[in-house]
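Protein chains in written order, with my numbering: chain G, 5 to 670; chain X, 195 to 685.
Think of the CB as a built atom: it goes at the ideal place given N, C-alpha and C, for glycine as much as any other residue.
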């Protein structure tokens with residue numbers, strides 16, 4: 005099956021060609037069969053490859069397709085590499101991707117007030133783009149060299165751009181201010197960007213990161229003379245001995261790309277706005293798969309990061325800072341999808357903290373479990389939106405548990421997993437990260453555990469407000485209903501995965517089998533002089549695990565206390581800490597800061613160049629001015645054109661003398 | 195014979211059209227299509243019979259022209275010019291078809307000038323004799339200026355005069371420099387000059403400047419670029435396609451064909467200057483493009499930025515950069531040609547190119563929208579499409595010699611995304627602008643043109659070695675020339 009791995013990319017491309025070229029002719033029902041089917045087939049090929057790789061103990065198989073470009077000593081083949089890491093990513097992408105495709109076949113059908121269903125205006129365009137994303141993401145994870153990784157990196161960016169801006173003609177939306185009780189000025193919120201603006205923002209912010217990534221790739225080539233993973237990684241130790249500065253530079257530049265793609269500080273700002281896209285897109289691209297590309301990249305290039313401990317520490321610090329920072333914003337968001345978006349930023353931060361402290365397997369573990377439970381939560385949010393005619397403001401929800409049981413229960417499961425409730429998938433993966441972080445830096449661990457507490461709190465804040473208590477908007481509540489089977493099917497499957505996903509990496513210190521440890525070993529490079537792995541005492545590990553569990557449960561209970569038992573507390577608290585509350589509600593004014601410091605000055609500079617330098621100085625003054633000067637000069641010279649042949653002859657003669665003398669005298 | 199045929203076919207065609215009565219519009223159009231299609235067909239064997247992996251000229255023809263002065267008719271192509279000739283025959287056919295309904299007044303003269311332009315440009319790309327080359331170089335100006343001046347917009351006369359004076363003034367020094375070479379060597383034959391010339395480094399530096407000035411105006415390199423936006427905004431659609439698609443390449447091509455091999459010792463002296471101006475062009479062109487309110491002007495300034503990449507690759511000092519530069523000339527011709535064509539499709543219906551007149555039209559014109567997006571993606575250098583290959587290879591090649599220049603150039607791709615996606619958003623996205631309610635989507639003819647263009651963008655993007663295999667021998671030789679001289683200079 006490994007030799008057929010190209011099919012995983014070719015099938016979605018076939019799907020996008022059929023749906024893109026003939027979508028309107030074959031009808032939406034056929035479209036909604038073809039698109040998920042292609043991803044399902046790709047998944048099956050992936051499963052076949054999985055058994056292959058298991059069969060030969062993780063050894064990589066390379067499939068050569070064609071040679072892309074050759075110039076002198078620059079040579080890049082289009083090869084696919086099947087190994088434990090790429091197969092894992094293929095299965096996550098196509099597996100979760102398939103469920104989300106199925107979900108979307110129902111989600112992209114809108115029902116009106118009379119209960120009639122209407123397909124979205126550009127139904128086939130949506131599935132064309134969704135297939136494009138799957139193919140792009142697979143190029144990213146299957147390529148056997150840095151060029152293909154970069155190609156996939158850019159292509160997922162463009163798929164994301166197209167899908168965020170899918171409803172390209174929708175305007176930006178005002179948000180209802182947050183009411184802080186009587187006699188108090190409500191906290192105004194910034195309007196939400198329009199889909200087209202959000203898509204553009206995502207693409208451009210990502211491209212800023214991509215500059216770093218591209219330069220990293222260039223540096224790899226000029227150092228190693230190749231972009232092939234196996235050749236580069238094999239030489240890395242040698243290079244770090246002869247040129248000690250190069251590897252840290254490569255690691256840092258590639259990480260700049262990851263900061264953009266995986267939404268870390270300071271380039272995370274595009275991800276919350278990406279929620280303007282349809283919810284399946286948020287689940288697939290902006291939670292489960294694309295945004296984890298940075299984590300994949302670091303795990304793939306683990307040797308660089310192991311050889312650059314300072315850069316790795318930077319990765320861990322940025323990761324944990326992002327985890328903490330984004331969680332604080334999520335505490336007060338009123339838009340359900342944005343709570344989840346900031347939560348995604350925060351969880352990605354955990355993953356970077358993990359790979360930053362060298363716990364590559366833990367990072368991949370959390371990548372996988374997060375794909376399950378975060379996709380589940382987003383799809384749950386989408387199910388709620390579908391029931392409420394696209395309302396996503398939790399202040400207009402309430403009591404939905406009676407109207408949509410499956411969505412409610414599965415959302416709870418996703419919430420428990422995200423909060424790290426004991427024995428759920430997220431509990432094991434988060435705990436493994438926190439334990440590894442503790443071994444390196446207790447300070448970072450402290451921020452990690454605080455973040456865990458906030459995560460449990462904000463997740464259940466949203467759940468209690470949306471699904472429990474009394475309905476806040478009766479009209480909406482009356483019309484709410486459980487979603488159709490394609491939607492509930494995806495929710496149920498993901499819920500099962502969110503519960504049991506943890507079996508992939510059970511804690512070693514409890515003498516349980518950790519499958520991922522052995523599975524990923526072939527792609528992790530052991531350093532010759534590596535320090536002994538951090539082995540902590542059994543007691544420490546157990547204490548850490550119990551702490552995690554206690555923090556998660558307390559966070560959930562605090563949310564229960566705030567939003568179910570004493571609902572007046574949150575408002576009073578917000579009122580008494582108003583400046584802090586407003587700061588969080590406005591997301592620390594970071595978007596405004598970037599606008600003032602970068603976007604507006606950029607535009608001003610552009611205007612100054614266009615209207616001043618280009619038009620007035622260069623064109624009108626110098627160019628046209630020179631022309632005028634010659635015009636005037638020509639006017640004077642025209643007096644010389646007196647019609648006497650003699651004077652012309654004289655001028656010619658002088659000219660020739662000058663030219664000849666030049667050649668003799670030079 | 196093929197190369198001479200390629201110059202002759204359009205000239206003969208122009209003469210034939212001259213004898214067609216001017217009211218026979220259909221006959222003129224079909225004749226023009228037939229002639230340009232024939233030229234394209236005749237040019238195809240250049241690709242298929244081109245020998246890979248061989249340096250030196252192919253399809254060569256040498257005939258005495260002015261024997262008394264030892265000036266010959268010498269034509270031939272190598273990896274530098276092969277694809278530019280093909281690009282010219284392809285884009286001329288596209289231009290003729292794109293003018294189908296756009297040109298109603300003076301169609302006969304229009305087609306004649308179009309064909310003469312094709313002949314002159316092909317002449318530039320195949321000439322291997324300095325004077326023959328100069329003849330075609332200047333000859334290409336006249337039909338282009340007339341296309342702008344007669345079928346252009348409101349300020350067409352100003353634009354045409356500016357175009358012709360600016361480029362002519364730029365090339366006067368080149369003529370003087372060519373004369374110096376001729377006097378020195380007693381021949382104007384390029385291969386002979388390259389192999390026999392032995393000029394002092396100082397003279398090389400001066401003569402390089404004279405040549406490079408002419409080329410830099412044509413490219414155009416910052417700050418010599420201001421004629422371009424004016425010419426583009428006034429030119430008819432097909433004029434813009436030809437101008438951006440092939441005429442600008444005369445400049446970048448000539449650096450590689452003449453300036454570098456004739457004056458190898460001057461390259462190291464001028465490279466820093468040219469690289470600096472190229473980088474400024476990349477960033478400056480992008481920033482200025484960002485705030486344009488006319489779609490065509492935006493594309494024009496984007497050309498300044500894109501051509502900057504080509505100059506950067508040319509003078510980055512490595513073979514990767516040079517091969518990338520040659521490829522990028524073709525890429526820019528295809529993607530910018532396509533953008534100009536698409537803007538023309540809108541202009542023909544709405545007679546305006548202001549962003550404020552559009553908005554949300556993707557709903558109304560889905561086929562147009564898809565092609566517009568693809569053209570934009572090709573232009574911003576998205577992988578899978580052509581622009582990526584050129585930019586990536588140029589920047590990669592530049593990086594190993596000059597990481598700072600590469601970093602600044604790479605930053606240019608962020609700005610490219612900014613202005614092109616802003617344009618996309620203003621034209622196609624956002625709430626539907628009711629002024630466009632009668633807008634019609636592309637017809638078969640228009641969609642066919644767009645499809646042909648984007649098809650090649652994909653082919654180049656996915657299989658660039660189809661081109662590199664033929665380009666590389668020529669750039670390898672050039673790179674060797676330069677590195678050899680820098681080594682000597684360094685001693």
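Shorter than 7 Å from the beta carbon of residue 387(G) to some beta carbon of chain X? no
Alpha carbon to alpha carbon, how far is residue 536(G) from residue 264(G)? Any reading at residue 536(G) is ruled out, since the residue's pLDDT is 48, under 50, leaving its predicted position unreliable.
Compute the beta-carbon to beta-carbon distance between residue 164(G) and residue 201(G), rounded to the nearest angstrom, for a pair I have assumed lies under 8 Å. That belief does not hold up - the Cβ atoms of residue 164(G) and residue 201(G) are roughly 14 Å apart, past 8 Å.
The stretch 209–226 of chain X touching the stretch 327–336 of chain X, judged by at least three CB pairs closer than 8 Å: The stretch 209–226 of chain X, when compared against the stretch 327–336 of chain X, does not touch it at the 8 Å Cβ threshold.
What is the DSSP secondary structure of residue 555(X), counted as helix, strand or coil? coil
Member of 670(X), 213(X), 342(X) whose CA lies at the smallest distance from the CA of residue 514(X): 670(X)
Compare the C-alpha of residue 436(G) against each of 498(G), 551(G), 623(G) and name the closest. 551(G)
Can you tell me whether DSSP reads residue 406(G) as helix, strand or coil? helix
Reduced DSSP secondary structure (H/G/I, E/B, other) of residue 683(X): The pLDDT assigned to residue 683(X) is 48, lower than 50, so where the model puts this residue is not dependable; a value taken from the coordinates is nonetheless given after this. Reduced to three states, the DSSP call for residue 683(X) is helix.
Beta-carbon proximity check, residue 43(G) vs residue 119(G), cutoff 7 Å: Taking 7 Å as the Cβ cut-off, residue 43(G) and residue 119(G) do not qualify as a contacting pair.
In chain order, what residues of the same chain have a beta carbon less than 7 Å from the beta carbon of residue 212(X), not counting five sequence neighbours either side? 306
Nonlocal neighbours in the same chain, by C-beta distance under 8 Å from residue 223(G), ignoring five residues either side: In the same chain as residue 223(G), and ignoring 5 residues on each side of it, the C-beta atoms closer than 8 Å to its own belong to 250, 253, 254, 257, in chain order.
Counting only beta-carbon atoms, is residue 217(G) nearer than 7 Å to chain X? no
Skipping 5 residues on each side, what residues in its chain have a beta carbon closer than 8 Å to that of residue 612(X)? 480, 484
Would you mind giving the Cβ-Cβ distance between residue 140(X) and residue 624(X), rounded to the nearest angstrom? I have them listed as a contact below 8 Å. Because residue 140(X) is not part of the residues shown, which for chain X are 195 to 685, the question remains open.
Residues, ordered as in the chain, of the stretch 603–636 of chain G that lie near chain X by beta-carbon distance below 7 Å: 607, 609, 610, 611, 613, 614, 618, 622, 623, 627, 631
Do the stretch 649–665 of chain X and the stretch 68–75 of chain G meet, that is, are 3 or more Cβ pairs less than 8 Å apart? yes
Please determine, among 427(X), 385(X), 585(X), 280(X), the residue with the shortest C-alpha to C-alpha distance to residue 249(X). 385(X)
7 Å is my cut-off, CB to CB: does residue 619(X) come that close to chain A? Considering every chain present, this structure includes no chain A. Its protein chains are G and X.
What does the Cβ neighbour count give for residue 55(G), buried or exposed, with the cut at 16 atoms within 10 Å? Around the Cβ of residue 55(G), a 10 Å sphere holds fewer than 16 other Cβ atoms; the residue is exposed.
Residues in the stretch 73–90 of chain G having any Cβ partner in chain X nearer than 7 Å: Legend: CB atoms of the stretch 73–90 of chain G lying less than 7 Å from CB atoms of chain X belong to residues 73, 74, 75, 76, 78.
Are the C-beta atoms of residue 417(X) and some chain G residue less than 7 Å apart? yes
Quick one: grab the DSSP three-state call for residue 670(G). A caution first: residue 670(G) carries a pLDDT of 49, below 50, which makes its placement in the model too unreliable to give a value.
Assigned secondary structure, residue 115(G) (DSSP; H/G/I helix, E/B strand, else coil): strand
Closer than 7 Å, Cβ to any Cβ of chain X: which residues of the stretch 167–195 of chain G, in chain order? 169, 172, 173, 175
May I have the straight-line CA-CA distance separating residue 150(G) from residue 137(G), to the nearest angstrom? Their backbone Cα atoms lie some 19 Å apart in a straight line.
Own chain partners of residue 364(G) with C-beta closer than 8 Å, once the 5 adjacent residues on each side are dropped: 302, 303, 306, 358, 524, 528
Quick check on the DSSP output: the alpha helix (DSSP H) that includes residue 269(X) runs from which residue to which? No alpha helix (DSSP H) contains residue 269(X), which is instead part of the beta strand (DSSP E) from 265–271.
Per DSSP, which one or two residues make a beta bridge with residue 68(G)? 83(G)
Could you tell me whether any Cβ in chain X is nearer than 7 Å to the Cβ of residue 63(G)? Closer than 7 Å: no.
From the DSSP output, which residues share a beta bridge with residue 121(G)? 115(G)
Checking contacts by CB at 7 Å: is residue 114(G) closer than that to chain X? no
Comparing the C-beta of residue 301(G) with each C-beta of chain X, is any distance below 7 Å? Contact of residue 301(G) with chain X is not assigned, every C-beta pair being separated by 7 Å or more.
Assuming residue 531(X) and residue 435(X) are in contact, meaning their beta carbons sit under 8 Å apart, how far apart are those beta carbons, in whole angstroms? 5 Å
I'd like to know if residue 579(G) contacts chain X, where contact means its C-beta is closer than 7 Å to some C-beta of that chain. no
For residue 235(G), tell me which candidate among 59(G), 424(G), 80(G), 599(G) has the shortest Cα-Cα distance. 80(G)
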